[in-house]
Amino acid sequence: MADEIVSVNEFQVLARQALPKMYYDFYAGGAEDEHTLKKNVQEFQRIILQPRVLVDVSNIAMSTNILGYTISAPIMIAPTAMHKLAHPEGELATARAAAEFNTIMILSFTASSSVEEVAASCDAVRFFQLYVLKRRDIAVNLVQRAEKSGYKAIVLTADRPRRGRKEADIKNKMNLPQLKNLEGLISIEVFSDKSSNTKPYTNEIFDSSFCWRDIAWLKSITNLPILIKGILTREDATKAMEVGAAGIIVSNHGGRQLDYTPATISVLEEVVQAVGRKVPVLLDGGVRRGTDVFKALALGAQAVLVGRPVIYGLAAKGEAGVRKVMHMLKDELELTMALAGCPTLKDISRSHVRTDRDRL
Ligand code: FNR
Numbered sequence: 001m002a003d004e005i006v007s008v009n010e011f012q013v014l015a016r017q018a019l020p021k022m023y024y025d026f027y028a029g030g031a032e033d034e035h036t037l038k039k040n041v042q043e044f045q046r047i048i049l050q051p052r053v054l055v056d057v058s059n060i061a062m063s064t065n066i067l068g069y070t071i072s073a074p075i076m077i078a079p080t081a082m083h084k085l086a087h088p089e090g091e092l093a094t095a096r097a098a099a100e101f102n103t104i105m106i107l108s109f110t111a112s113s114s115v116e117e118v119a120a121s122c123d124a125v126r127f128f129q130l131y132v133l134k135r136r137d138i139a140v141n142l143v144q145r146a147e148k149s150g151y152k153a154i155v156l157t158a159d160r161p162r163r164g165r166k167e168a169d170i171k172n173k174m175n176l177p178q179l180k181n182l183e184g185l186i187s188i189e190v191f192s193d194k195s196s197n198t199k200p201y202t203n204e205i206f207d208s209s210f211c212w213r214d215i216a217w218l219k220s221i222t223n224l225p226i227l228i229k230g231i232l233t234r235e236d237a238t239k240a241m242e243v244g245a246a247g248i249i250v251s252n253h254g255g256r257q258l259d260y261t262p263a264t265i266s267v268l269e270e271v272v273q274a275v276g277r278k279v280p281v282l283l284d285g286g287v288r289r290g291t292d293v294f295k296a297l298a299l300g301a302q303a304v305l306v307g308r309p310v311i312y313g314l315a316a317k318g319e320a321g322v323r324k325v326m327h328m329l330k331d332e333l334e335l336t337m338a339l340a341g342c343p344t345l346k347d348i349s350r351s352h353v354r355t356d357r358d359r360l
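Residue numbers (the UniProt record's numbering): 1 to 360.
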């Protein structure tokens with residue numbers, strides 16, 4: 001490969017070369033047949049752009065505002081597990097890249113660095129992603145620590161009452177006991193709490209009874225706004241509004257949970273219509289190009305999140321790799337906006353894209 005890396009997809013190739021197979025498979029893989037994993041990317045590719053010409057595009061403005069925080073472009077960092085498997089500096093490198101790029105990083109509940117370490121490492125705006133475990137005290141503790149160390153919102157991931165079945169991980173015997181041998185890897189207490197005698201990362205510790213009415217409990221333990229991640233239908237979008245979600249993330253967990261769920265881009269409009277501009281709707285899953293970001297915005301998202309691209313950048317080149325991935329996506333978005341005749345994000349409209357539904 002030439003020295004100059006010109007696309008996010010090239011980082012995936014570099015990450016594959018850099019990582020042991022077990023870790024690469026853990027990051028890249030999806031559930032069962034990996035149908036949803038592939039669809040997330042393919043459905044973006046089915047959407048066609050409808051540019052306008054002879055528009056003054058000498059200045060392109062990409063910054064936007066999410067829950068009151070200005071970011072340099074509508075591209076945020078999705079919560080993904082255990083960055084130290086990708087690079088020794090782990091989440092700290094990712095967070096520094098987020099700060100340099102001026103975007104929001106959502107720190108994973110299963111991060112390999114603590115909420116405090118990440119907070120101390122940079123001044124990026126950070127949200128904290130939460131899974132609710134049977135031991136509710138762990139959620140209380142982590143949410144309060146996140147709040148105390150300046151995280152600005154809680155992202156409740158709702159699509160993981162149990163772990164999805166990733167067959168490569170099963171074959172590779174990918175499990176935390178093995179990871180625990182790596183010094184310093186797991187620093188959040190759920191995984192380092194020897195007294196609880198839990199088998200980390202297994203289904204037993206997750207509270208699969210947690211449901212809509214329990215959001216009231218979550219609200220009672222924090223003053224931070226709560227976004228709900230993992231919404232794929234108008235019904236659930238409506239419920240999220242009813243329980244007072246401050247934002248919605250249209251997500252199928254990057255195709256890692258329930259296989260044969262739809263590509264996120266194909267259900268975005270339905271969710272946006274149900275939400276009706278009351279709160280921001282974000283999207284993740286399969287965003288690999290600036291044109292993908294443009295398509296998501298045209299269909300009503302306020303911003304997108306990227307998961308694997310960040311990990312691939314981190315695995316290949318550490319902090320500089322994450323920075324490069326984010327800047328490539330931003331530069332591609334800027335070019336797309338210019339060529340499509342959209343000098344500002346507000347100019348990107350539904351009529352700038354044609355989907356399968358429009359062809360019926
Ligand atoms: C994830 N995702 C995820 N989501 C979450 O809420 N908490 C988590 O700890 C993780 N962990 C995680 C690990 C890895 C390796 C991946 C790839 C994904 C899902 C993530 O937030 C996001 O929904 C997807 O990654 C988006 O899809 P792309 O951008 O990877 O295609």
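Ideal placement from N, C-alpha and C gives every residue a C-beta, glycine not left out.
- Distances between the C-beta of phenylalanine 11 and the heavy atoms of ligand 1 are all 7 Å or more.
- Here alanine 86 carries a coil assignment [DSSP, helix/strand/coil].
- Looking at the DSSP output, arginine 126 sits in a beta bridge with Met105.
- Judged by DSSP in its simplified three-state form, alanine 81 adopts coil rather than helix or strand.
- Leucine 14 sits in a helix when the DSSP states are folded into three classes.
- Annotated three-state conformation of aspartate 214 is helix, per DSSP.
- Its chain contains Arg234 as the residues whose beta carbon lies nearer than 6 Å to that of glutamate 270, once the 5 sequence neighbours on both sides are disregarded; these appear in chain order.
- Distance from the Cα of aspartate 123 is smallest, within the candidate group Asp33, Leu142 and Ala93, for Ala93.
- Closest option to aspartate 347, judged by alpha-carbon separation, among Pro51, Val6, Lys39 and Ser7: Pro51.
- If you check the C-beta of phenylalanine 44 against ligand 1, you find no heavy atom less than 7 Å away.
- Listed in chain order, the non-local C-beta contacts of leucine 283 below 6 Å within the same chain comprise Val250, Thr264, Leu268, Ala296, Ala301 and Val304, local neighbours out to five positions each way being set aside.
- Set against 7 Å, the gap from the CB of isoleucine 311 to the closest heavy atom of ligand 1 is smaller.
- By the neighbour-count criterion, in which a residue is buried when 16 or more other Cβ atoms sit within 10 angstroms of its Cβ, tyrosine 260 is exposed.
- DSSP places leucine 297 in the uninterrupted alpha helix (DSSP H) bounded by 290-298.
- When only Cα atoms are considered, isoleucine 221 and glycine 29 end up about 34 Å apart.
- Burial check for proline 309: the Cβ neighbour count within 10 Å reaches 16 or more, so the residue is buried.
- Counted as a single uninterrupted DSSP element, the alpha helix (DSSP H) harbouring threonine 336 occupies residues 308-340.
- For the options Glu167, Thr157 and Glu32, the alpha carbon positioned closest to that of threonine 110 is the one of Thr157.
- Where leucine 282 is concerned, there is no enclosing alpha helix (DSSP H), although the beta strand (DSSP E) around it starts and stops at 281-284.
- When secondary structure is reduced to three states using DSSP, asparagine 223 falls in the coil class, being assigned neither helix nor strand.
- Following the DSSP letters along the chain, one finds tyrosine 69 inside the beta strand (DSSP E) bounded by residues 69-71.
- With respect to isoleucine 48, valine 353 sits close: the two C-beta atoms are nearer than 8 Å.
- Boundaries of the beta strand (DSSP E) around valine 155: 154-157.
- In the structure shown, the three-state DSSP call for leucine 360 is coil.
- A check of alpha carbon separations from glycine 164 across Leu130, Ile138, Leu54 and Ser208 identifies Ser208 as the nearest.
- Annotated three-state conformation of isoleucine 47 is coil, per DSSP.
- Non-local C-beta neighbours of serine 58 in its own chain, meaning closer than 7 Å and more than five positions away in sequence, are absent.
- With a threshold of 16 other beta carbon atoms within 10 Å, threonine 291 meets it and is buried.
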